[in-house]
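Residue numbers (this note's numbering), protein chains in the order written: chain A, 398 to 782; chain B, 107 to 243.
Some notes on the structure that comes next.
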Amino acid sequence: MTAPFLRNAAAIVGVGASPQGKLPGSTAESLAVDAFVAALADSGLDKNDIDGLLTFPGTTAPEGALNYLRLGETLGIDPAYTGSMSMGGGTAGALVQLAAMAVATGLATNVACVFGDAAKTGGSRFSRASGWGDSWGLYGMAGAAANSAIAASRHMAVYGTKSEHLAEVAVACRRHASLNPAAVMRTPITIDDHQNSRPIVEPLRLLDCCLITDGGVCVIVSSAERARDAKQPPVLIAGMGQAYTTRNLEREDWWYVPHQKDALDRAWAMAGLGPEDVQVAQLYDNFSISVLLWLEHAGFCKPGESGPFVEGGRIQLGGELPVNTAGGNLSESYMEGWLHVVEGVRQIRGQCGERQVADAEVCLVTGRGMTLNCSNALVLTRGDR
Amino acid sequence: MTDYVKPLPEIGEVNRRFWEATREGRLELQRCTDCGHLRFPINDICPECLSRAHTWQPLSGDGEVFSYVVFHQVYNKAFVDDVPYNVALIQLDEGPRMFSNIVGTPNEQVSVGDRVRVVFDPVTDTVTLPRFELVKR
Chain A
398 MTAPFLRNAA AIVGVGASPQ GKLPGSTAES LAVDAFVAAL ADSGLDKNDI DGLLTFPGTT
458 APEGALNYLR LGETLGIDPA YTGSMSMGGG TAGALVQLAA MAVATGLATN VACVFGDAAK
518 TGGSRFSRAS GWGDSWGLYG MAGAAANSAI AASRHMAVYG TKSEHLAEVA VACRRHASLN
578 PAAVMRTPIT IDDHQNSRPI VEPLRLLDCC LITDGGVCVI VSSAERARDA KQPPVLIAGM
638 GQAYTTRNLE REDWWYVPHQ KDALDRAWAM AGLGPEDVQV AQLYDNFSIS VLLWLEHAGF
698 CKPGESGPFV EGGRIQLGGE LPVNTAGGNL SESYMEGWLH VVEGVRQIRG QCGERQVADA
758 EVCLVTGRGM TLNCSNALVL TRGDR
Chain B
107 MTDYVKPLPE IGEVNRRFWE ATREGRLELQ RCTDCGHLRF PINDICPECL SRAHTWQPLS
167 GDGEVFSYVV FHQVYNKAFV DDVPYNVALI QLDEGPRMFS NIVGTPNEQV SVGDRVRVVF
227 DPVTDTVTLP RFELVKR
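Below is the structure:
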């Protein structure tokens, strides 16, 4: 049997980010530009080498879905391939996969995936009603935390998961952020700190929630062949997968985000790898419960067993499966999962300093967005020179 | 009742029957007359078979708490005087699930799995919201 067409076809050759945090005077565009310049320098490519431009407008780009036009003009790029996509936290992975398909099929050679958002200074509250139409907002079901709280509440009732298990995720992310000079929240926290933080949407507390930050991130995708001779050690996209459910209340298991497992199964199958091959994982964490669900869907533990799985620092550096080694959305910066891709690349390259996982050769990166609707997974591996 | 500032449904052709029914004290949802699927949210078309043909079926109003959360954060200023308030995902006995609120019981005494029954809360002259109360066993 021949290997899947896209296995190891594309590679990530450049990553970069703007400063993160509260950055008065910044705009979605200025942050995207800063990230693009940083990623270009990281890749060693010239601006004129970039012939693909894929963008996520975020919450504060006034041009919205026309973001690719504005950013292209600003960067002075007439691309062979371009477009914008909005899937919230599902966008980063979806765009990187689109870029991989573009370079694998010859539509483009070097594709920059770019995101900038001045969510903090722009006052984004992520507060809209959680779903479409009348069936949600009438009853006060609003804001980004609400759906994750529904998932956490049901997970606790069905499987006996405890708030202290969610705390383990928050503590791990913060400890990792403390080792990341670029992270926004670096003061370590304890389980007790989590338990004493104020409730937001019970059962979720403040320290279960991601940050709201300004920042930009850029990821440059090329063919695996070109990556062999690139400036940075090659990081291959060995496997990728996506899955979605748009049916929300029509699906009894909507709260469990079952499509995440479909996305992961597709990525594992393409890569020819599985959870046992992974040394480090960057799992999308808009809220702490999300990491527990990813651990189950990825097969690191059985359904319902993620709570006990994360006890005792198992997902911290030094543990069996270090997760979100840069601090994640919870503590590094809320770049809607874009920095998860960046950290995955840096771990495979061995560039993470104090937070480097020894012999990291396979890293799982996941993303999820909207009303628990959009999910994707990337399996990154170290390529040969 | 005219000072109600929280979100209200946009009543139109597709959902008018639902809001007429709640005003009269009935919970009714659409059942596809082609494939038999009982659907929610309310929509013009059956998400299973894409038929537009349907009837409105009166439901028992009985169900259970499928998931349950308590809001402390104010995401919509209209709810500022309500926090902490609850939102429950209700599993109706006939199959569909809907969001609503549990009334008549303190927030901390509601659990996933509790049996509930619909009650009707007229919030304006034209809109009556279906909410749910715990059924004592």
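Yeah, the Cβ is synthetic: ideal placement off N, Cα and C, and Gly gets one too.
Looking from the CA of Thr161/B, the closest CA among Thr230/B, Gln136/B, His143/B belongs to Gln136/B. Within chain A, the residues Ala554 have their CB atoms less than 7 Å from the CB of Gly219/B, given in chain order. Within the stretch 163 to 242 of chain B, the complete beta strand (DSSP E) segments of 3 residues or longer fall at 168 to 177, 191 to 198, 203 to 206, 221 to 228, 234 to 240, listed in chain order. Within the same chain, and ignoring the five residues on either side of Ala477/A in sequence, the residues whose Cβ sits closer than 6 Å to its Cβ are Asp448, Ala505. At least one beta carbon of chain B lies nearer than 9 Å to the beta carbon of Leu535/A. Close to Met538/A, with beta-carbon spacing below 7 Å, are these residues of chain B in chain order: Val193, Phe205.
With contacts defined by Cβ atoms closer than 9 Å, Asn726/A and Cys607/A form a contacting pair. In this structure, Ile588/A and Ala564/A form a Cβ contact; the two beta carbons are roughly 5 Å apart against a cut-off of 8 Å. By the rule that beta-carbons nearer than 9 Å mark a contact, Trp735/A does not touch chain B. If you check each beta-carbon in the stretch 115 to 148 of chain B against every beta-carbon of chain A, the ones closer than 8 Å belong to Pro115, Glu116, Asn121, Arg145, Phe146, Pro147, Ile148.
Between the beta-carbon of Arg132/B and that of Cys138/B there is about 19 Å, and that puts the pair past the 8 Å contact cut. Collapsing the DSSP output to three states places Asp662/A in a helix. The DSSP assignment places complete alpha helix (DSSP H) segments of no fewer than 4 residues inside the stretch 633 to 711 of chain A at 656 to 668, 685 to 694, 703 to 706, in order along the chain. Around His178/B, the beta-carbon contacts reaching into chain A at under 8 Å are Arg595, Pro596, Ile597, Val598, Glu599. Distances from the alpha-carbon of Ser157/B to those of His143/B, Glu170/B, Pro164/B put His143/B closest. Distance from the CA of Leu736/A to the CA of Val614/A, rounded to the nearest whole angstrom, comes to 7 Å. The beta-bridge partner set that DSSP reports for Pro596/A consists of Arg602/A. Only Arg522, Phe523, Ser524, Arg525, Ala526, Ser527, Gly528, Trp529, Gly530, Asp531, Ser532, Trp533 from the stretch 503 to 533 of chain A bring a Cβ to less than 9 Å from some Cβ of chain B. Contact check between the stretch 479 to 496 of chain A and the stretch 771 to 778 of chain A: three or more CB pairs, one atom from each, fall below 8 Å, which counts as touching.
Asp589/A sits in a helix when the DSSP states are folded into three classes.
For Leu135/B, the pairing in a beta bridge is given by DSSP as Gln163/B. The bridge partners DSSP lists for Ile409/A are Val618/A, Val632/A. For Tyr556/A against Gly704/A, the beta-carbon gap comes to about 7 Å, under 8 Å, which counts as contact. For Asn507/A, the enclosing beta strand (DSSP E) begins and ends at 507 to 515. Put simply, the CB of Ser157/B is far from chain A, with every gap to its CB atoms at 9 Å or more.
Trp652/A reaches chain B at Ser173, counting residues in chain order whose Cβ is nearer than 7 Å. Here Phe177/B is buried: its Cβ has 16 or more other Cβ atoms, across all protein chains shown, within 10 Å. Against chain B, the CB of Glu693/A has no partner CB under 9 Å away; the residue lies outside that interface. In the DSSP assignment, the residues bridged to Tyr478/A are Gly449/A. According to the DSSP assignment, Gly780/A belongs to no beta strand (DSSP E), since it is labelled neither H nor E.
Close to Leu235/B, with beta-carbon spacing below 9 Å, are these residues of chain A in chain order: Leu535, Tyr536.
Here the alpha carbon of Asn445/A sits roughly 20 Å from the alpha carbon of Ala501/A. Of Gly201/B, Val209/B, Val233/B, Asn192/B, the smallest CA-CA separation from Ser166/B is found for Gly201/B.
Fewer than three beta-carbon pairs drawn from the stretch 526 to 540 of chain A and the stretch 423 to 440 of chain A are found closer than 8 Å, and the two stretches are therefore not classed as touching. Residue contact check for Pro202/B against chain A: a CB pair falls below 9 Å. Under the 8 Å Cβ criterion, the stretch 670 to 678 of chain A counts as touching the stretch 756 to 772 of chain A, having at least three qualifying pairs.
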